[in-house]
Amino acid sequence: GAVVSQHPSRVICKSGTSVKIECRSLDFQATTMFWYRQFPKQSLMLMATSNEGSKATYEQGVEKDKFLINHASLTLSTLTVTSAHPEDSSFYICSAMDRALTNYGYTFGSGTRLTVV
Amino acid sequence: EDKVVQSPLSLVVHEGDTVTLNCSYEVTNFRSLLWYKQEKKAPTFLFMLTSSGIEKKSGRLSSILDKKELSSILNITATQTGDSAIYLCAVVGPGTYKYIFGTGTRLKVLA
Chain A
767 GAVVSQHPSR VICKSGTSVK IECRSLDFQA TTMFWYRQFP KQSLMLMATS NEGSKATYEQ
827 GVEKDKFLIN HASLTLSTLT VTSAHPEDSS FYICSAMDRA LTNYGYTFGS GTRLTVV
Chain B
258 EDKVVQSPLS LVVHEGDTVT LNCSYEVTNF RSLLWYKQEK KAPTFLFMLT SSGIEKKSGR
318 LSSILDKKEL SSILNITATQ TGDSAIYLCA VVGPGTYKYI FGTGTRLKVL A
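And the structure:
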């Protein structure tokens with residue numbers, strides 16, 4: 767089946783610094799990837815849709831200058847949390863779909879737990 | 258506004274019990290509904306439902322969609338401790354590949 771690799775799995779950073787999270791589709795091309803945020807004991811909240819070769823589409827209430835998304839190739843999307851603050855601490859997950867496996871929905875990365883201190 | 262609601266929010270059962278999780282939705286131009294299981298990290302795919310009344314089964318898990326009632330249920334029979342997880346329901350409409358996730362049901366199965 768389709769595999770999505772996400773790195774790092776865990777990161778601790780100081781307040782004010784930036785953190786980059788990578789999401790790679792393995793063995794398939796993903797023109798579209800999605801970035802989610804999940805708070806403890808809550809569901810997944812869609813942050814933005816990452817489109818290869820074009821600008822990301824952000825959901826209402828998500829600051830595009832705060833959460834920079836780059837989808838430079840068909841297999842890689844990155845999310846950069848800029849000038850991180852403790853309230854940005856959360857679990858971030860990406861997802862992508864292998865168009866050959868549309869009956870299985872999106873495949874999710876393993877997630878990144880960000881802690882800002 | 259599109260909305261997906263799951264119930265119960267949490268559930269504690271003993272091994273061997275049968276559980277039924279509910280998902281109801283209000284989504285414009287519904288296309289499909291998916292169930293995922295999330296343990297510690299990434300959600301893993303369970304079922305995709307597009308047609309009403311057709312049950313999908315995988316081992317002890319089964320699910321069915323009722324488009325008239327705008328809902329779906331996920332059944333787990335003979336529960337095991339390994340079934341402990343958050344079960345997420347997601348709905349998607351046509352013309353977009355965005356998933357709208359429900360609130361999730363946190364299931365804990367006690368030995």
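Chains as they are written, first to last, in our numbering: chain A, 767 to 883; chain B, 258 to 368.
Ideal Cβ positions, reconstructed from N, Cα and C, are used throughout, including at glycine.
Keep in mind the model is a prediction, meaning the values are calculated, not measured.
Look at residue 865/A here: in three-state DSSP terms it is helix.
For residue 824/A, DSSP records a beta bridge to 814/A. Under the criterion of beta carbons closer than 8 Å, residue 283/B and residue 327/B qualify as touching, at roughly 7 Å. Secondary structure at residue 296/B: coil, using DSSP grouped into helix, strand and coil. Taking a C-beta cut-off of 9 Å against chain A, the contacting residues of the stretch 279 to 294 of chain B are 289, 291 and 293, listed in chain order. Among the CB atoms of chain B, one or more fall inside 8 Å of the CB of residue 874/A.
Rounded to whole angstroms, the separation of the alpha carbons of residue 882/A and residue 303/B is 33 Å.
Within the DSSP secondary-structure output, residue 355/B pairs in no beta bridge. The CB of residue 345/B comes closer than 8 Å to the CB of 809 and 810 in chain A, given here in chain order. In terms of Cβ geometry, residue 861/A and residue 874/A form a close pair [threshold 8 Å].
When the beta-carbon positions are compared, residue 850/A and residue 770/A stay at least 8 Å from each other. In terms of CA proximity to residue 831/A, 821/A leads the group 817/A, 871/A and 821/A. Here residue 323/B carries a strand assignment [DSSP, helix/strand/coil]. Here the alpha carbon of residue 857/A sits roughly 16 Å from the alpha carbon of residue 848/A. Selection 828/A, 853/A, 827/A and 793/A evaluated against residue 780/A yields 853/A as nearest (Cα-Cα).
Cβ contact annotation for residue 269/B (same chain, cutoff 6 Å, sequence separation greater than five): 365, in chain order. Residue 356/B is not a Cβ neighbour of residue 342/B, given a cutoff of 8 Å. Only residues of its own chain outside the window of five on either side were considered, and among them 272 and 366 have a CB closer than 7 Å to the CB of residue 337/B, listed in chain order. In the displayed model, residue 272/B falls within coil according to three-state DSSP, outside both helix and strand.
Around residue 839/A, the same chain offers 818 as residues with beta carbons nearer than 8 Å, after the five sequence neighbours per side are excluded.
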